[in-house]
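J.:
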Amino acid sequence: MFANEQTVALDERFVIHTYGRLPVEFVEGKGAVLVDAAGNEYIDFLAGIGAVSLGHAHPTLVAALKEQAGRLWQVSNYYHDANRGQLAECLSEMLSTTTDETGVTTGSTGTVWRTFFANSGAEANEGAIKLARRWGEKKLNGATGIVSARKSFHGRTLATLSATGQDVFHQSFHPLPQGFCSVPLNDFDALVAVLDEPPAECGPVCAVLLECIQGEGGVWPADLDYLRSVANLCHERKVMLVIDEVQTGFCRTGAPFSYQRAGIEPDIVSMAKGIAGGFPMGAVAARDEVAALLVPGDHGSTFGGNALAMAVGLACAQTLMQEHVADYARETGDYLAQRLATIPHVTEVRGAGLMRGAQLDVPIATPLVEQGLRLTERGRCGLVLNHVGDSILRFLPPLVISDEQIDEMVDSLAFLVGELA
Ligand SMILES: Cc1ncc(COP(=O)(O)O)c(C=O)c1O
C-alpha cells in the first residue's frame, strides 16, 4: 500500500473531505489489476464503484478516446454528432432485450427507447424525475409524487437525495424538495397503500422509482415476483415505473439490464457508471410515448452528450454486446458467489452476476478493506475491496475478472477473516 507523501499532503490541505480516503495512490491499471505509485499490484473488486465495466485501459475504449480527443471534444447539443444517434440506437436495442430469470437473452420487446445524455447517475435520475412529473402533469391530473424504496440510493443532488430512502443522507440538508416518500422494498401491500392514500409529503403519485438490486444500501435484491407485481400495478394505474440501473446496468447483473430478469418493461430507465467504462457519463431513456413529452427547452446539459463521452460510450456499448459480456458476468458471477460462500463468517451471499454482497456475522468489514490493501506489505497481491456498513462486503469487479483472480481474492480474504474475526 503506497501513496506519495506530497500527494497526501496536498489532498489533506486543499481538497474538501467528503470521502474518507484510503492511503493508496493508484497510477495505472490493466483489466482487473491496479498498480500503485510504488509498483505494487492489486486485484480490483470495486472497478471505480462499478464504473469500469470492461476493465482498466481496455484497448478499444482507449483507441476510441484517443481518436476523438485529437479531433473534437465539445460543441454542445445544438449540433449533430454521428456517434450520439448510434449510441442511442445501441442503447435502445440493449433496453428492449428480453431475458430469462438468469439473464440469458431470449429476444426483444421491439420497443423503441429514446435517450437523453447526461454526466452522472444523479443527473440521470434528475432527468427521470422531471420526465415522470411531466407525465403526471399531462396524463395524471397533475400528480407529482415519487415513491421509492427504503435503503435505496439515487444520488446526491437535492431531488435525488429526497428520493433516496435513507435518512442518514438527508441530515443537515433540509429543506429537501417535496413530493417524495419511501416504502419497504418487497412489500407490495405497502406500495399499494401509498398509491391509494399518498402521505401528505408525497401527494398523488406519478412514479415508482426502484433499483432491482439496491447497491449502496447493502446489495438487497428486489424479488422478481415483487417487480412483476409492481410493473402490473404501475401499468394499470398509468403510473410511471422508473428503474434506476445506474449500478445494475450494462451487463453487471448478467443481463444487459437488471429489470430484464423479471420479464418487465419499465417506462423510464436511468443509467451511468458502466455506460462508458469509467468515462463520466449518465443517461436517461424512456419509451417513445413518454420521451415525446419533453420538447426543446425542457431539459438540457452543457456537457451531456459531448463528443468524447459519445465516442467512448459507443465503443463501450458495442463491445459489451459483441463480446457477450453479460454471459461472462453471469457465469463468473455465479463462481464468485459460490466461492464467497465458502469463507468463514460469511452467512449469506446476495445479488446477481458480478454485483454481490457478502453478509458477515462479525463487524469486521472496515478493517478487512484496509487489510486487503495492506496485503502488499506482506508479499501478497493487494485487494481492492469495498464495504457497505460494518458487516457487508460489496463486490463490483470489472466484468473481465477471471476465475483465477477470484480464487486469489477468496484465499486472501479467508486468511484475513481468520486473523480479524
Ligand atoms: C443506484 C444508484 N443511483 C444513482 C447513483 C448516483 O450516481 P452518481 O454518483 O454517478 O451521481 C448511484 C451511485 O452510487 C447508484 O448506485
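Numbering-wise (my numbering), the sequence shown opens with residue 248 and increments by one. Every residue gets a Cβ at the ideal spot worked out from N, C-alpha and C, and that includes glycine.
1) Using only the heavy atoms of ligand 1, determine whether one of them is closer than 7 angstroms to the beta carbon of Arg403.
2) Any heavy atom of ligand 1 closer than 7 angstroms to the beta-carbon of Ile515?
3) How about Lys520 and Leu387: are their beta carbons less than 8 angstroms apart?
4) So is the beta-carbon of Val493 under 7 angstroms away from any non-hydrogen atom of ligand 1?
5) Going along the chain, which residues of its own chain have a beta-carbon closer than 6 angstroms to the beta-carbon of Gly462, five neighbours each way excluded?
6) Quick check: Gly459 and Ser505, are their CB atoms within less than 8 angstroms of each other?
7) Just curious, the beta strand (DSSP E) that Lys277 is in, first and last residue?
8) Got a sec? Which residues, its chain only, sit under 6 angstroms from Met528 by beta carbon, not counting five neighbours each side?
9) Buried or exposed for Gln569, going by 16 or more other Cβ atoms inside 10 Å?
10) Considering only residues of the same chain and omitting the five flanking positions on each side of Leu442, which have a CB-CB separation below 6 angstroms?
11) Flag Ile296 as yes when its Cβ comes closer than 7 angstroms to any non-hydrogen atom of ligand 1, and as no otherwise.
12) Check each candidate in Ile648, Phe416 and Gly402 and name the one with the smallest Cα separation from Gly276.
13) Straight-line CA distance for Ile393 to Gly402?
14) With DSSP collapsed to three states, give me the class of Ile490.
15) Who are the Cβ neighbours of Val274 in its own chain at under 8 angstroms, not counting the five residues just before and after it?
16) Quick one: Cα of Val531 to Cα of Thr566, how far?
17) Using only alpha-carbon positions, find the residue among Gln418, Ser419 and Ser476 that is nearest to Leu438.
18) So which of Arg499, Asp491, Phe526 and Cys498 has the shortest CA-CA distance to Pro513?
19) Going by Cα to Cα distance, which pick from Gly629, Phe427, Pro614 and Ala329 is closest to Ser638?
20) Between Val572, Leu663 and Cys628, which has its C-alpha nearest Ile611's C-alpha?
21) Using 7 angstroms as the cut-off, classify the Cβ of Glu463 as near or not near the heavy atoms of ligand 1, replying yes or no.
22) Given Arg682, which residues of its chain have a CB within under 7 angstroms of its CB, disregarding the five upstream and five downstream residues?
23) Check for me: the beta strand (DSSP E) holding Gln606 runs from which residue to which?
24) In chain order, what residues of the same chain have a beta carbon less than 6 angstroms from the beta carbon of Glu370, not counting five sequence neighbours either side?
25) Tell me where the alpha helix (DSSP H) around Phe435 begins and ends.
26) Determine the burial state of Ser399: buried for a count of at least 16 other Cβ atoms within 10 Å of its Cβ, exposed for fewer.
27) Quick one: which unbroken alpha helix (DSSP H) runs of 4-plus residues sit fully inside the segment 504-584? Chain order, please.
28) Hey, how far is the Cα of Arg621 from the Cα of His305?
29) At a cut-off of 7 angstroms, would you count Ser367 as near ligand 1, judging by its Cβ distance to the nearest heavy atom?
T.: Looking at the coordinates:
1) By one-based count along the sequence shown, residue 403 stands at place 156. Correct: Arg403 has its Cβ closer than 7 angstroms to ligand 1.
2) Here residue 515 is taken as the residue at index 268 of the sequence shown, counted from 1. No.
3) Along the sequence shown, read from residue 1 onward, the residue named residue 520 stands at position 273. Along the sequence shown, read from residue 1 onward, the residue named residue 387 stands at position 140. No.
4) For the purposes of this step, residue 493 is taken as residue 246 along the sequence shown, with counting starting at 1. The answer is yes for Val493.
5) For this step, residue 462 is matched to residue 215 along the sequence shown. Gln494, listed in sequence order.
6) In the sequence shown, counting from the first residue as 1, residue 459 sits at position 212. In the sequence shown, counting from the first residue as 1, residue 505 sits at position 258. With the sequence shown as reference, residue 459 is identified as Cys, and Gly is not the correct amino acid for it. Their beta carbons are under 8 angstroms apart, which means Cys459 touches Ser505 by this criterion.
7) Residue numbering aside, residue 277 sits at position 30 when the sequence shown is read from its first letter. Phe273 to Lys277 is the span of the beta strand (DSSP E), which, as asked, contains Lys277.
8) As a position in the sequence shown, residue 528 is number 281, starting the count at 1. For Met528, where only same-chain residues beyond five positions count, the Cβ hits under 6 angstroms are Ile522, Ala556 and Gly560.
9) Here residue 569 corresponds to residue number 322 of the sequence shown, with the count starting at 1. Gln569 is exposed by the Cβ-count criterion.
10) Here residue 442 corresponds to residue number 195 of the sequence shown, with the count starting at 1. Apart from sequence neighbours up to five positions away, the residues of its chain that approach Leu442 with a beta-carbon distance below 6 angstroms are Val452, ordered along the chain.
11) As a working mapping, residue 296 is identified with position 49 in the sequence shown. At least one heavy atom of ligand 1 sits closer than 7 angstroms to the Cβ of Ile296.
12) Here residue 276 corresponds to residue number 29 of the sequence shown, with the count starting at 1. If we check each option's Cα against that of Gly276, Ile648 comes out closest.
13) Here residue 393 refers to the residue found at position 146 of the sequence shown. Here residue 402 refers to the residue found at position 155 of the sequence shown. The alpha-carbon atoms of Ile393 and Gly402 are separated by roughly 15 angstroms.
14) If you number the sequence shown from 1, residue 490 lands on position 243. The answer is strand: DSSP assigns Ile490 an E or B state.
15) Position 27 of the sequence shown, counted from the start, is the residue given in the question as residue 274. The beta carbon of Val274 lies closer than 8 angstroms to those of Val282, Asp283 and Ala284 in the same chain, with the five residues before and after it left out.
16) Residue mapping note: residue 531 aligns to position 284 of the sequence shown, counting from 1. Residue mapping note: residue 566 aligns to position 319 of the sequence shown, counting from 1. Rounded to the nearest angstrom, the two C-alpha atoms are 21 angstroms apart.
17) Along the sequence shown, one-based indexing puts residue 438 at 191. Across the set Gln418, Ser419 and Ser476, the C-alpha of Ser476 shows the shortest separation from the C-alpha of Leu438.
18) Along the sequence shown, one-based indexing puts residue 513 at 266. Of the residues Arg499, Asp491, Phe526 and Cys498, the one whose Cα lies closest to the Cα of Pro513 is Asp491.
19) Start at 1 with the first residue of the sequence shown, and residue 638 comes out as number 391. Nearest of Gly629, Phe427, Pro614 and Ala329 to Ser638, Cα basis: Pro614.
20) Walking along the sequence shown from the start, residue 611 turns up at place 364. When each option's Cα is compared against that of Ile611, the closest is Leu663.
21) Counting from one through the sequence shown, the residue named residue 463 turns up at place 216. Result yes, Cβ under 7 angstroms from ligand 1.
22) Because the chain here runs from 248 to 668, residue 682 falls outside it and cannot be looked at.
23) Against the sequence shown, residue 606 aligns to sequence position 359. First-last of the beta strand (DSSP E) with Gln606: Met602 to Leu607.
24) Numbered from 1 along the sequence shown, position 123 holds the residue referred to as residue 370. Around Glu370: Gly529.
25) Position 188 of the sequence shown, counted from the start, is the residue given in the question as residue 435. DSSP places Phe435 in the uninterrupted alpha helix (DSSP H) bounded by Phe435 to Asp443.
26) Position 152 of the sequence shown, counted from the start, is the residue given in the question as residue 399. By the C-beta density criterion, Ser399 is buried, having at least 16 other C-beta atoms within 10 angstroms.
27) You should have 535-538 and 554-569.
28) On the sequence shown, residue 621 is found 374 positions in, with the first residue counted as 1. On the sequence shown, residue 305 is found 58 positions in, with the first residue counted as 1. Between Arg621 and His305, the alpha-carbon positions lie close to 27 angstroms from each other.
29) Here residue 367 corresponds to residue number 120 of the sequence shown, with the count starting at 1. When distances are taken from the beta-carbon of Ser367 to the heavy atoms of ligand 1, the shortest one is below 7 angstroms.
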